[in-house]
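Engineer: In my numbering, the protein residues as written are 17 to 105. Quick one: structure below, then a few questions.
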Amino acid sequence: MDTTIKVDSKTRDRLAVLAEAHRTTMRALIEEFAESTLTPAELKERADHTAVYLAEHFGVTVTDESSAEVLRAVRSQVVAHHAADQSAA
Numbered sequence: 017m018d019t020t021i022k023v024d025s026k027t028r029d030r031l032a033v034l035a036e037a038h039r040t041t042m043r044a045l046i047e048e049f050a051e052s053t054l055t056p057a058e059l060k061e062r063a064d065h066t067a068v069y070l071a072e073h074f075g076v077t078v079t080d081e082s083s084a085e086v087l088r089a090v091r092s093q094v095v096a097h098h099a100a101d102q103s104a105a
């Protein structure tokens, strides 16, 4: 069953531009987003599965603290990479 999603005209126009750029329709663009974007529950399930796998196969225990530490390190590297790109330009 089809339905209507109400968005403001700015959002509609942006979706139209994105759809055209991807050579698709707004409908297909939104469907692809809905199918490929994980819900918080799905993200947690994947994280739990990954933690079990790492523990079983590598003896690594993932904690909230270690996850946060890794995330901080990755973000720091991304910032450094962007800063290097900016100074090279």
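We put the CB at the ideal spot given by N, CA and C, even for glycine.
Leaving out the 5 sequence neighbours to the left and right, which residues in its chain are closer than 7 Å to Ala32 when beta-carbon positions are compared?
Structural biologist: Only Met42 meet the Cβ criterion.
Engineer: Hey, could you find the ends of the alpha helix (DSSP H) Asp80 is sitting in?
Structural biologist: Run containing Asp80: Asp80 to Ala104, per the alpha helix (DSSP H) assignment.
Engineer: Which parts of the stretch 20–63 are runs of the alpha helix (DSSP H), unbroken and 4 residues or longer, counting only runs that do not cross its ends?
Structural biologist: The stretch 20–63 contains these whole alpha helix (DSSP H) runs: 25–37 and 42–52.
Engineer: Could you give the distance in angstroms between the alpha-carbon of Arg30 and the alpha-carbon of Tyr69?
Structural biologist: Going from the Cα of Arg30 to the Cα of Tyr69 covers about 41 Å.
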